[in-house]
Amino acid sequence: MSRFALPLGIFVLMVGLLGYGLTLDPKKVPSPLIDKAAPEFSLPMLEVPARQLSNKDMQGQVWVLNVWASWCVSCRAEHAVITELAGKNLVAVIGLNYKDESADAIAWLEQFGNPYSVSVVDLDGRVGIDWGVYGVPETFVIGADGMIKYKHIGPVTFESLNDIIIPTLKELLG
Amino acid sequence: MRLFLSLVFLLFMSMAQAVIETYEFDSAQTEADYYTLINELRCLVCQNQNLSGSNAELAQDLRRQTYEMLTRGDSPEQVVEFMVARYGDFVLYRPQFKASTYLLWLGPFLLLAIVLYLVISRVRATSTASVVSDDAMDEAKQLLQQDPDGQ
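For the protein sequence lines, the chains are S and L, in the order given. Following the numbering used here, the numbering of the first sequence begins with 1 at its first residue and continues without gaps. Following the numbering used here, the numbering of the second sequence begins with 1001 at its first residue and continues without gaps.
In structure tokens, the structure reads:
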């Protein structure tokens, strides 16, 4: 009997490891930016390009950065969720309009409604690179200390909004 | 028909050229560094392609970033550091050797050592078990000494 113990043990271990592997999503790359200072930016506002918004302007408050674009299909799916988040008036939701035509972006907001306190324009995607953005939409939660507390990759669902993002925000707000 | 085929061929040829933008390099070393880097950095959008093989927007942006950093005098290590700081170890096709990747790098050797240990101990166990007892050896000797024809 004991001569089967080793192969059986290896088999069970392999099944366990492979089974665990199946539960992981290879598209979700953990961000090294969590608990690091939010990368600095100073970008023109979408509606008022003459004015700039910098992350220094947000210092001392908890806020959310949502990366979106009018060409991004899943941003449409996410739009209702971001609107729900903004409607709760917990924190400011800043939009990062990523590699988009400003005219298209403004038209998109007019068509679906504008949930953002303000959107800033990242035309060539450089700020996106600094923030480690590799797919739109992405959503960051930034604490009052200017640190990135949480990153959501892909469209935020009502489930992840209510189960993770809102509890995280409430905890940060104290 | 032949004309049509050559037109199709020309069409694809121009598409193949469109994949990689051409950059001017000030030195052969910078150019070599650039190509080494874009072959070793992963495009995070199409995860099983490197930057040089991908035409995703992000890959284009990261190629531009790599080019700009190298031409302004940054070392290839600084470019790698820049990418890892933003996208994590996953951006590297050749992960760095550090605490969190020890298992990745040393795991195969560890596994080899375990297998070797198991094989050697099993071979030893079987060979000691097959050693013949003294009585059996004596009997064998007697049999060998017997005259084959004397039976």
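Where a beta carbon is used, it is the ideal one built from N, C-alpha and C, also for glycine. Model, not experiment: these values are computed from the prediction.
{"Check": "is_contact[F1004 (chain L), chain S] using C-beta, thresh 9 Å", "Outcome": "no"}
{"Check": "Within 9 Å, strictly: CB atoms of V156 (chain S) and N55 (chain S)", "Outcome": "no"}
{"Check": "Cα-Cα separation, P115 (chain S) to G135 (chain S)", "Outcome": "20 Å"}
{"Check": "Assigned secondary structure, Y150 (chain S) (DSSP; H/G/I helix, E/B strand, else coil)", "Outcome": "strand"}
{"Check": "Nearest residue (CA-CA) to V133 (chain S), options S:I106, S:I153 and S:L173", "Outcome": "S:I153"}
{"Check": "Touching by the beta-carbon criterion (3+ pairs, under 8 Å), the stretch 72 to 86 of chain S and the stretch 10 to 20 of chain S", "Outcome": "no"}
{"Check": "Interface positions of the stretch 1089 to 1102 of chain L facing chain S (Cβ-Cβ less than 7 Å), listed along the chain", "Outcome": "F1090"}
{"Check": "Straight-line Cα distance separating A105 (chain S) from T139 (chain S)", "Outcome": "18 Å"}
{"Check": "Cut-off 7 Å between Cβ atoms - residues of its own chain near K36 (chain S), not counting five sequence neighbours on either side", "Outcome": "M147 and I148"}
{"Check": "Residue range of the beta strand (DSSP E) that includes W108 (chain S)", "Outcome": "Run containing W108 (chain S): none in the beta strand (DSSP E); it sits in the alpha helix (DSSP H), S102 to F112."}
{"Check": "Short CB-CB distance (under 9 Å) between L1118 (chain L) and chain S", "Outcome": "yes"}
{"Check": "Span of the beta strand (DSSP E), counted from its first residue to its last, around Y139 (chain S)", "Outcome": "It is worth fixing the name first, because residue 139 (chain S) is Thr in this sequence and not Tyr. T139 (chain S) -> beta strand (DSSP E) spans E138 to I142."}
{"Check": "Interface residues of the stretch 1053 to 1086 of chain L facing chain S [CB-CB below 8 Å]", "Outcome": "E1057, L1058, D1061, L1062, Q1065, V1084, A1085 and R1086"}
{"Check": "Residue(s) in a DSSP beta bridge with I94 (chain S)", "Outcome": "S:L65 and S:V118"}
{"Check": "Beta-carbon neighbours of V1123 (chain L), restricted to chain S and to distances below 7 Å", "Outcome": "Correct list: empty, because the minimum Cβ distance to chain S is about 15 Å."}
{"Check": "Cβ pair Y1093 (chain L), N1039 (chain L) closer than 9 Å", "Outcome": "yes"}
{"Check": "Test item: CB-CB of V1079 (chain L) and Q1065 (chain L) under 9 Å", "Outcome": "yes"}
{"Check": "Where the alpha helix (DSSP H) through L1037 (chain L) begins and ends", "Outcome": "A1028 to E1040"}
{"Check": "N- and C-terminal bounds of the beta strand (DSSP E) containing S54 (chain S)", "Outcome": "Q52 to S54"}
{"Check": "Sheet register partners of M45 (chain S) (DSSP bridge)", "Outcome": "S:V120"}
{"Check": "Nonlocal neighbours in the same chain, by C-beta distance under 7 Å from V1084 (chain L), ignoring five residues either side", "Outcome": "V1091 and L1092"}
{"Check": "Three-state class that DSSP yields for L1104 (chain L) in the structure shown", "Outcome": "helix"}
{"Check": "Beta carbon of V64 (chain S) nearer than 9 Å to that of I142 (chain S)", "Outcome": "yes"}
{"Check": "Under the three-state DSSP convention, the category L33 (chain S) falls into", "Outcome": "coil"}
{"Check": "Three-state secondary structure (DSSP) of L1044 (chain L)", "Outcome": "coil"}
{"Check": "Chain S contact for V1132 (chain L) (CB, 9 Å cutoff)", "Outcome": "no"}
{"Check": "K151 (chain S) burial status per 10 Å Cβ neighbour count (16 or more: buried)", "Outcome": "buried"}
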